[in-house]
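The structure appears below as structure tokens.
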Amino acid sequence: MSAKLKKEVFIPEDVTFQINVVKNTLQLGPMILWVAANENKRLIDRLPNLQKRIENHVPETGMICICSEEGVDPKTNQIKGFYYSHDSKENGLKWKKAVFSNPGAVFKRVRLSSVINKNLISQSNGNLFNSYFYTKWEMWKLLSSDNGVSMHLPFTKKVKDISTVKKVLKKYPSIYIKPVDGSEGAKIIRVEKGRYGYRITDDKNNKANVTKLEEYPNLEEKLKSGREYIVQQDVSMKHDSRNVDFRIYMQKNKLHKWISSGITARVGRQGSIITNLRQQEYWLKARKAFRKIYGLSKKEAASQEKQLVDIFTKACEAVDKTGHFGDIAIDFTVDKNLNVWILELNMRNVYPVEDRSLSHKVKGTPFLYAMSLDGFNTEEKKEKKVKKAKRKEMTETTEMAENKP
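Under the working numbering, the letters of the sequence shown match residues 1 to 405, in that order.
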């Protein structure tokens, strides 16, 4: 390469590229940009853990770059960040500082300003996926307009004051109040209507009994704080006095098709209204949950899982009509009559993956999709034998946890 070309185009010599020849054009790639933080300091702190994901789950081919939102300059179209060095012999950090531009595909994991978002879409010729992160209310409105999905949505309404909550409680004896932009179950409360008043439980499992909703501390103030909330029909499923819900990992593969990378059931602590890590008692593989909790046969459990994948493929296709997506974790519940209820679609908070046997596929598939968007075909990276041994050990431990009463 001429010195002039090397100066204009950043092509590191410690990276192994694939080569495509299209007509009279030589293409080197893939060149994938992973936007993994909003601030440079946050990104630098996370580099060691982000490196482990590349080493364990991502094919080391082409240039895998990483940056924060701060690293993108929309005026110059330059991106300051790091690239992953293939030839590094050291056991330490393999990320090297660099300035680059025009990625072949962008895997977006954080919310970006509209200016940066548009710039990266332009630089990648539209190959940025997870293009928009919907709030709970926006997602409900979007899916409720789709005939193939709307029957799987609990009744939901935007709420600004206690009067709205009271109206919904006339229709449903138990409801949830959730911040529209919340995550990990934070700030959620459940309100149950009783004979002499209301029973309220918050996300930290604190309970209160009041005769009037106005007596619950700060509820009116919270609803009028400026932060948006929704009130939602309670469709929770219980097993041994514990809430049970599910998570399915829907991802696009290298053929650009939505697939399920796995489903887990999560059982909350007794009395808790949420099932995430803060309040989770244990988890089960979905098919085992359908047999143990719902009493289905092996054949029925397999059929139920297939129906779930069909439902959530339709949901992902509905979302795709509004943007470009490739990696969505969907939280849902299945009631005692096997009705499926969609609770939330997560584009940001996809991890952690409770079932470690799913980690390789869940964490590697988005990169295979990104590489295919850039026009390069890459096979899934094989798991290391050491990792498999550790996974087997963890699975055995998990089996013990799954049998916990």
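Virtual Cβ for every residue (Gly too), placed ideally from N, Cα, C.
Residue closest to residue i, alpha-carbon to alpha-carbon, out of the options
{"i": "Glu70", "options": "Ala37, Asp202, Thr16, Ile121", "result": "Ala37"}
{"i": "Ala186", "options": "Lys80, Ile273, Arg356", "result": "Ile273"}
{"i": "Leu169", "options": "Val35, Trp34, Glu192", "result": "Glu192"}
{"i": "Asn253", "options": "Glu39, Thr378, Asp73", "result": "Thr378"}
{"i": "Val309", "options": "Gln123, Lys94, Asp14, Met250", "result": "Met250"}
{"i": "Arg242", "options": "Ile293, Tyr196, Lys207", "result": "Ile293"}
{"i": "Ile248", "options": "Arg287, Lys224, Thr211, Gly268", "result": "Arg287"}
{"i": "Asp73", "options": "Leu93, Ser101, Ala208", "result": "Ser101"}
{"i": "Ile259", "options": "Gln304, Ile188, Ile328, Tyr198", "result": "Ile328"}
{"i": "Lys80", "options": "Cys65, Asp87, Phe107, His86", "result": "Cys65"}
{"i": "Lys382", "options": "Ser372, Ser359, Arg227", "result": "Ser359"}
{"i": "Thr135", "options": "Asp181, Asn147, Lys41, Lys171", "result": "Asp181"}
{"i": "Lys15", "options": "Thr61, Ile200, Lys257", "result": "Here residue 15 is Val; the residue named in the question, Lys, does not match the sequence. The shortest C-alpha separation from Val15 is found at Thr61."}
{"i": "Val35", "options": "Leu120, Gln18, Ser225, Glu13", "result": "Leu120"}
{"i": "Val244", "options": "Val267, Lys224, His256", "result": "Val267"}
{"i": "Phe246", "options": "Lys224, Leu223, Leu284, Ala370", "result": "Leu284"}
{"i": "Lys97", "options": "Met371, Leu47, Leu345", "result": "Leu47"}
{"i": "Asp203", "options": "Arg269, Val115, Phe17", "result": "Arg269"}
Check whether residue i and residue j have beta carbons under 8 angstroms apart
{"i": "Phe364", "j": "His57", "result": "The amino acid occupying residue 364 in the given sequence is Gly; Phe does not appear at that position. Going by C-beta atoms, Gly364 is nearer than 8 angstroms to His57."}
{"i": "Phe155", "j": "Gly326", "result": "no"}
{"i": "Met424", "j": "Asp374", "result": "A question about residue 424 goes unanswered here, because the residues of the chain that appear run from 1 up to 405."}
{"i": "Asp355", "j": "Thr264", "result": "yes"}
{"i": "Ile230", "j": "Trp137", "result": "yes"}
{"i": "Arg348", "j": "Arg109", "result": "yes"}
{"i": "Phe367", "j": "Phe107", "result": "yes"}
{"i": "Pro103", "j": "Ser85", "result": "no"}
{"i": "Leu93", "j": "Ser68", "result": "no"}
{"i": "Gly262", "j": "Lys118", "result": "no"}
{"i": "Asp240", "j": "Arg190", "result": "no"}
{"i": "Glu215", "j": "Lys158", "result": "no"}
{"i": "Leu213", "j": "Lys166", "result": "yes"}
{"i": "Arg195", "j": "Lys207", "result": "no"}
{"i": "Thr333", "j": "Ser236", "result": "yes"}
{"i": "Gly271", "j": "Asn209", "result": "no"}
{"i": "Ala105", "j": "Ala370", "result": "yes"}
{"i": "Thr211", "j": "Gly226", "result": "no"}
{"i": "Met139", "j": "Leu343", "result": "no"}
{"i": "Ser114", "j": "His256", "result": "no"}
Extent of the continuous beta strand (DSSP E) run through residue i
{"i": "Val159", "result": "156-159"}
{"i": "Leu33", "result": "31-37"}
{"i": "Phe107", "result": "105-108"}
{"i": "Phe17", "result": "Careful: Phe17 lies outside any beta strand (DSSP E) and carries neither H nor E."}
{"i": "Lys193", "result": "189-193"}
{"i": "Lys286", "result": "Residue identity check: residue 286 is Ala in the sequence provided, not Lys. Segment 286-292 is the alpha helix (DSSP H) holding Ala286; no beta strand (DSSP E) there."}
{"i": "Ala329", "result": "327-334"}
{"i": "Glu221", "result": "Run containing Glu221: none in the beta strand (DSSP E); it sits in the alpha helix (DSSP H), 219-223."}
{"i": "Ser260", "result": "258-268"}
{"i": "Ile177", "result": "174-179"}
{"i": "Met250", "result": "242-252"}
{"i": "Met63", "result": "63-68"}
{"i": "Met237", "result": "237-239"}
{"i": "Lys96", "result": "95-100"}
Rounded distance between the beta-carbons of residue j and residue i, thought under 8 angstroms
{"i": "Asn20", "j": "Phe376", "result": "7 angstroms"}
{"i": "His324", "j": "Ser131", "result": "5 angstroms"}
{"i": "Phe82", "j": "Arg111", "result": "The Cβ separation is near 21 angstroms, so there is no contact."}
{"i": "Ile188", "j": "Tyr176", "result": "6 angstroms"}
{"i": "Lys160", "j": "Gln232", "result": "At roughly 15 angstroms, the Cβ-Cβ gap does not stay under 8 angstroms, so Lys160 and Gln232 are not in contact."}
{"i": "Phe10", "j": "Val149", "result": "That belief does not hold up - the Cβ atoms of Phe10 and Val149 are roughly 43 angstroms apart, past 8 angstroms."}
{"i": "Leu142", "j": "Thr322", "result": "6 angstroms"}
Host alpha helix (DSSP H) of residue i (start-end)
{"i": "Asn56", "result": "40-57"}
{"i": "Thr313", "result": "298-320"}
{"i": "Leu373", "result": "359-373"}
{"i": "Thr164", "result": "162-171"}
{"i": "Glu344", "result": "Segment 340-346 is the beta strand (DSSP E) holding Glu344; no alpha helix (DSSP H) there."}
{"i": "Ile121", "result": "114-123"}
{"i": "Ala3", "result": "3-8"}
{"i": "Lys207", "result": "It is not in any alpha helix (DSSP H) - Lys207 instead sits in the beta strand (DSSP E) that spans 207-210."}
Residue i Cβ short of 7 angstroms to the ligand FMN heavy atom set
{"i": "Lys306", "result": "In the structure shown, the ligand FMN is absent, as is every other ligand, since no ligand is present at all."}
Would the region 313-325 and the region 289-300 be scored as touching if the rule is three or more Cβ pairs under 8 angstroms?
No, the region 313-325 is not in contact with the region 289-300.
Would you call the region 331-340 and the region 16-28 touching, i.e. three or more CB-CB distances under 8 angstroms?
No, they do not touch.
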